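A.B. asks: Submitted below is the structure of interest, expressed as structure tokens.
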Amino acid sequence: MLFSKCVKVIAALLLILFTVFSFSSQSQAASSTYISKGNTTSKVVALTFDDGSDGTNINKILDILSANKVDATFFLTGSGAKNHPSWIKNISAKGHQIGNHSYSHPDFTKLSAAKIKSELDTTEATIKDLTGETTKPIFRAPFGASNAAVLKAVGDAGYTHTIQWNIDTVDWKGVSSTQITNKVMDNIVPGSIVLMHTGAGASGTPGALPSMISKLKAKGYTFVTVSELLNLPSAPVSGTKYTVKAGDTLYGIARKYNVTVSALAKANNITNYNLIYVGQVLTIPGKTTTPPAIAVKYTVKAGDTLYSIARKYNVTISELAKANNITNYNLIHVGQVLTIPGKTTTPPASSVNYTVKAGDTLYSIASKYNTTVAKIAAANNISNVNAIAVGQVLVIPQ
Numbered sequence: 001m002l003f004s005k006c007v008k009v010i011a012a013l014l015l016i017l018f019t020v021f022s023f024s025s026q027s028q029a030a031s032s033t034y035i036s037k038g039n040t041t042s043k044v045v046a047l048t049f050d051d052g053s054d055g056t057n058i059n060k061i062l063d064i065l066s067a068n069k070v071d072a073t074f075f076l077t078g079s080g081a082k083n084h085p086s087w088i089k090n091i092s093a094k095g096h097q098i099g100n101h102s103y104s105h106p107d108f109t110k111l112s113a114a115k116i117k118s119e120l121d122t123t124e125a126t127i128k129d130l131t132g133e134t135t136k137p138i139f140r141a142p143f144g145a146s147n148a149a150v151l152k153a154v155g156d157a158g159y160t161h162t163i164q165w166n167i168d169t170v171d172w173k174g175v176s177s178t179q180i181t182n183k184v185m186d187n188i189v190p191g192s193i194v195l196m197h198t199g200a201g202a203s204g205t206p207g208a209l210p211s212m213i214s215k216l217k218a219k220g221y222t223f224v225t226v227s228e229l230l231n232l233p234s235a236p237v238s239g240t241k242y243t244v245k246a247g248d249t250l251y252g253i254a255r256k257y258n259v260t261v262s263a264l265a266k267a268n269n270i271t272n273y274n275l276i277y278v279g280q281v282l283t284i285p286g287k288t289t290t291p292p293a294i295a296v297k298y299t300v301k302a303g304d305t306l307y308s309i310a311r312k313y314n315v316t317i318s319e320l321a322k323a324n325n326i327t328n329y330n331l332i333h334v335g336q337v338l339t340i341p342g343k344t345t346t347p348p349a350s351s352v353n354y355t356v357k358a359g360d361t362l363y364s365i366a367s368k369y370n371t372t373v374a375k376i377a378a379a380n381n382i383s384n385v386n387a388i389a390v391g392q393v394l395v396i397p398q
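Numbers 1 to 398, taken from UniProt numbering, label the letters of the sequence shown in order.
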């Protein structure tokens with residue numbers, strides 16, 4: 001009798017614990033992921049610019065980026081877009097990534113979830129109306145102020161990643177171009193996210209950019225957008241058409257083009273997800289494009305020769321010399337950064353984030369996403385495949 005009661009008590013406790021973990025993981029699943037730098041050893045850097053209400057230096061910044069063939073990321077406010085819409089259009093037209101920076105630049109930690117959603121949705125609608133592009137999936141908190149409640153509300157609004165920074169140039173204080181450049185060069189590491197601003201207060205930023213870009217390139221750095229840095233899907237490209245074939249389902253087509261069933265149905269005025277027919281032409285609201293490949297760089301070390309480097313990367317000496325404008329094969333120096341021809345690291349076309357739930361194992365997650373344990377472990381720098389925690393956010397390589 002006593003034994004039976006003990007068993008029932010233990011079972012009840014286990015059920016309670018399971019429920020707590022389940023609800024905990026569900027509440028975390030929608031939270032936006034907080035990012036301060038990219039998790040990479042490649043020499044890549046994301047230059048980011050926050051735009052407020054004046055945006056005085058936008059066009060100067062765009063001209064410098066274009067002249068140096070650099071892609072950047074701009075976090076836009078709705079109020080700024082209202083004040084200088086043509087400049088916002090220029091950012092989009094130049095091919096830079098855009099993210100959401102709120103409408104009126106309030107401290108999100110002092111707002112309700114409903115107000116946060118309103119700020120984000122109004123900005124998204126304003127920017128989309130101007131450029132045709134979404135600000136999703138990246139958000140930057142005004143003043144960098146966030147907490148668990150903010151991340152939850154932001155995630156619920158469709159912004160999967162909240163982007164902080166690891167290098168703050170404090171350009172808004174009106175510091176000199178030299179100070180801005182030095183701040184970046186003194187703190188640069190692979191995967192850095194650099195914070196700058198477009199407003200009149202950041203008067204030193206346009207002057208700092210040419211020197212900063214030149215010095216970063218000399219150190220072997222490649223410039224990427226935030227989505228490229230984090231291997232996020234690119235912004236959708238609208239207008240793709242697809243003709244339904246025998247055996248197709250709306251779910252299968254949505255999965256093929258990496259869009260949701262609801263988005264696909266909405267784009268085609270479909271109310272019954274099961275009613276599509278062979279020959280029907282569907283408009284795909286968006287498709288993921290693969291981020292550009294990042295060229296492999298090699299920094300010459302003591303004892304290196306052009307022959308040994310070429311052999312290391314399985315290329316010919318002549319190819320290596322040609323790619324780096326080297327006329328004398330014996331003249332390379334320690335610290336010289338070489339481009340390895342034909343060798344690139346291409347970020348995955350897309351990646352999925354998964355939040356670990358109670359009872360999950362790396363094996364079960366790998367099976368769920370039709371990948372391998374080794375790939376998930378490698379993508380998340382996991383050395384012990386048995387050590388994952390409830391609430392941990394994993395990147396699932398596709």
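Idealized CB from N, CA, C, for every residue including glycine.
From a predicted model like this one, the values you see are computed outputs, not experimental measurements.
1. Work out the CA separation of Pro137 and Thr198 for me, nearest whole Å.
2. State yes or no: is the C-beta of Val356 within less than 8 Å of the C-beta of Val390?
3. Helix, strand or coil for Val373? Go by DSSP, reduced to three states.
4. I believe His101 touches Leu65 by the beta-carbon criterion, under 8 Å. Please report the beta-carbon distance rounded to the nearest angstrom.
5. Could you tell me the boundaries of the beta strand (DSSP E) in which Ile317 lies?
6. Would you kindly check if the distance between the Cβ of Val154 and the Cβ of Ile116 is under 8 Å?
7. Would a C-beta distance cut-off of 8 Å place Ser104 and Ser79 closer than the cut-off?
8. Whole-angstrom Cβ separation of Tyr221 and Lys43, contact assumed at under 8 Å?
9. Could you check where the alpha helix (DSSP H) with Thr33 kicks off and where it finishes?
10. Could you tell me which residues DSSP puts in a beta bridge with Ile167?
11. Given this structure, state the Cα-to-Cα distance separating Pro106 from Ser146, to the nearest angstrom.
12. Can you list, in chain order, the residues of its chain whose CB lies under 6 Å from that of Ser36, leaving out five sequence neighbours each side?
13. Which residues in the same chain as Ser203 place their Cβ atom closer than 7 Å to its Cβ, once the five residues preceding and following it in sequence are excluded?
14. Restricting to Cα atoms, I'd like to know which of Val224, Ser32 and Ala387 is closest to Asp156.
15. Are the beta-carbon atoms of Ala323 and Thr316 separated by less than 8 Å?
16. Hey, would you say Val244 sits closer than 8 Å to Pro285, going by beta carbons?
17. Look at the alpha carbon of Ser192 and the alpha carbon of Gly38, and state the distance between them as a whole number of angstroms.
18. What does DSSP give as the partner residue(s) for Tyr298 in the beta ladder?
19. In angstroms with no decimal places, state the Cα-to-Cα distance between Thr249 and Asn272.
20. Among residues of its own chain, excluding the 5 on either side of Ala267, which ones have a beta-carbon nearer than 8 Å to its beta-carbon?
21. To the nearest angstrom, report how far apart Ala387 and Pro190 are at their CA atoms.
22. For Leu275, count neighbouring C-beta atoms within 10 Å of its own C-beta (all shown protein chains included) and say buried if the count is 16 or more, exposed if not.
23. Where DSSP assigns a beta bridge to Leu306, which residues make up the other side?
24. Between which two residues does the beta strand (DSSP E) carrying Asn90 extend?
25. Can you confirm whether Ser214, when its beta carbon is compared against all beta carbons of chain C, has any partner nearer than 8 Å?
26. On a Cα-Cα basis, can you pick out the residue from Ala46, Ala246 and Tyr34 that is closest to Glu228?
27. What is the DSSP secondary structure of Asn386, counted as helix, strand or coil?
28. Hey, Thr73 and Val226 are a contact pair by Cβ (cut 8 Å); roughly how many whole angstroms apart?
29. Taking buried to mean at least 16 other C-beta atoms within 10 Å of its own C-beta, is Ala141 buried or exposed?
30. Take Ala377 and list the residues in its own chain whose beta-carbon comes closer than 6 Å to its own, dropping the five residues that flank it on each side.
31. Helix or strand or just coil, what does DSSP make of Ile276?
32. Note down the Cα distance separating Ile280 from Asn269, rounded to an integer number of angstroms.
33. When you compare only the Cα positions, how much space is there between Ser364 and Pro397?
34. Classify Val237: buried if its beta carbon has 16 or more other beta carbons within 10 angstroms, exposed otherwise.
35. Give me the DSSP bridge partner(s) of His161.
36. So what does Asp51 bridge to, in DSSP terms?
C.D. replies: In brief:
1. 21 Å
2. Yes, these two residues count as a Cβ contact at 8 Å.
3. helix
4. Rounded, the Cβ-Cβ distance is 18 Å, inconsistent with contact.
5. For Ile317, there is no enclosing beta strand (DSSP E); the residue is found in the alpha helix (DSSP H) stretching over Ile317 to Ala323.
6. yes
7. Yes, the Cβ-Cβ distance between Ser104 and Ser79 is below 8 Å.
8. 5 Å
9. Premise fails: Thr33 lies in the beta strand (DSSP E), Thr33 to Ile35, not in any alpha helix (DSSP H).
10. Val194
11. 11 Å
12. Gln164 and Asn166
13. Within the same chain, Ser203 has close Cβ partners Gly174.
14. Ser32
15. No; because the gap between Cβ atoms is not below 8 Å, this pair is not in contact.
16. no
17. 6 Å
18. Leu338
19. 12 Å
20. Leu282, Thr283, Ile284 and Pro285
21. 26 Å
22. exposed
23. None, per the DSSP bridge assignment.
24. Taken as a continuous stretch (DSSP letters only), Asn90 belongs to no beta strand (DSSP E), being part of the alpha helix (DSSP H) at Pro85 to Ala93.
25. Checking the listed chains, one finds no chain C in this structure; it contains a single protein chain.
26. Ala46
27. coil
28. The pair is a contact, with the Cβ atoms about 4 Å apart (cut-off 8 Å).
29. buried
30. Val385
31. coil
32. With the sequence shown as reference, residue 280 is identified as Gln, and Ile is not the correct amino acid for it. Each residue's alpha carbon lies about 13 Å from the other.
33. 15 Å
34. In this prediction, Val237 has a pLDDT of 43, which is less than 50 and means its spatial position is unreliable; nothing more can be read from the coordinates.
35. Thr33 and Ile138
36. Leu76
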